[in-house]
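The sequence shown begins at 2 in our numbering and counts up one residue at a time.
Every residue gets a Cβ at the ideal spot worked out from N, C-alpha and C, and that includes glycine.
Before any comments, here is the structure.
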Amino acid sequence: MAKDLRGRQALPARPVRRAAVVAAALLLPLTGCQDGGAEGGDDGRATIVAPGRPGEKARNLTPEQAAKATPDDTPNAADRSYVRNMIEHHRQALTMSALAPERAAADPVKRLAERITAAQKPEIGAMEKWQTRHPDPAAGDGTHGADHTGHAAATAGTSVTGSSGAAGGSGHGDMPGMATEQQLKELTDARGAAFDRLFLQLMTAHHEGALKMAGEALAGGNNVAVEEMATEVVATQSAEIHRMRTMG
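Structure representation (C-alpha cells):
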C-alpha cells in the first residue's frame with residue numbers, strides 16, 4: 002500500500018460516490034411563486050433545487066425526482082462485516098491497553114494506551130448502536146449470540162478465546178493485525194521497557210490491520226454511517242501509528 006508524505010498508509014483512490022448525498026442534504030425547496038419569478042412546477046407544486054457539481058448548473062426537480070435521486074445507502078455485506086469485525090478488533094486493543102498502567106515503564110506509552118481506550122471504547126458503542134439500527138438478517142443463525150458472548154467477556158476484562166487470530170481460533174483469523182494468544186500472553190507477562198517495546202510492536206501491527214479493514218469497507222461498503230466510522234478510524238489510527246513509530 003502506498004504511503005503519503007507523512008509516512009502514513011494511503012488508501013487507494015475511490016470513486017466519489019457520496020456527491021449525491023451532499024447534494025441531497027443541500028436540496029432547497031422552492032415555492033411555485035417567489036420574488037424574481039423563480040421557476041416552479043407547471044402545476045404550481047413546489048420544486049427542489051439540486052446543486053450541481055463544480056461548474057455545473059443547478060437543476061429543478063420535482064419531489065418525486067428528488068426522492069429517486071437520493072442514493073440508497075442500505076448496508077451491504079461489506080458494511081456488516083466491517084462493523085462486526087471492527088468491534089472485535091477494537092476489543093482486543095482495549096484488552097492490550099488495559100495492561101499498560103501496571104506494566105509500562107514509559108509515561109508516553111501509558112498515555113498512548115489511555116488515548117487508545119478513550120477513542121476506541123466510544124467507537125465500539127457507536128458500532129453496536131449501528132448494529133441495533135441495522136439488524137443483520139442472518140442473525141437468526143446464532144451469529145448475534147456469539148457476538149453478545151464476546152462482548153460480555155470483553156466487558157469483564159478478559160480476552161475472548163480464539164479472537165486473537167491464532168490458527169484454529171473462532172473464525173477471526175482473517176482479521177489483519179490481531180495479536181495471537183501467545184503474543185497476548187507474552188505482553189501480559191512483560192514488565193517495564195520490555196513491555197513498552199512489545200506493546201508498541203503489537204499495537205502498531207494492530208492499527209495497520211485496522212487501516213486495511215477500513216480501506217476495504219470504504220472500497221466495498223454502501224452505508225454512509227459506516228463510511229464515516231471507517232474514515233474516522235483511518236484518521237485516528239494513522240496518526241497513532243506515526244506516533245508509535247517515533248516512540249519505538
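| Item | Value |
| --- | --- |
| Backbone CA spacing between T162 and K58 [nearest angstrom] | Confidence in T162 is poor, its pLDDT being 34 and thus under 50, which makes the residue's placement unreliable; the coordinate value appears in the next sentence. About 57 Å. |
| Cβ-based burial, E103 [other Cβ within 10 Å; buried from 16] | exposed |
| Assigned exposure category for R112 - 16 Cβ within 10 Å defines buried | exposed |
| Whole-angstrom distance between I242 and G184, CA atom to CA atom | Looking at the sequence itself, residue 184 is Gln, so the reference to Gly does not match. Each residue's Cα considered, the two are about 19 Å apart. |
| Residues bridged to I125 [DSSP beta-bridge criterion] | DSSP output for I125 lists no bridge partner at all. |
| Rounded straight-line distance, which links the Cα of P109 to that of G210 | 22 Å |
| Beta-carbon proximity list for G193, same chain, < 7 Å, skipping 5 on both sides | A106 |
| For N61, the residue or residues it bridges with in DSSP | V50 |
| Simplified DSSP state of A101, which is helix, strand or coil | helix |
| Segment contact flag, the stretch 187-204 with the stretch 223-239, C-beta cutoff 8 Å, min 3 pairs | no |
| Contact the stretch 118-134 vs the stretch 226-233: 3+ CB pairs below 8 Å | yes |
| CA nearest to the CA of H208, picked from P136, A94, A78 and V50 | A94 |
| Residues bridged to G193 (per DSSP) | A105 |
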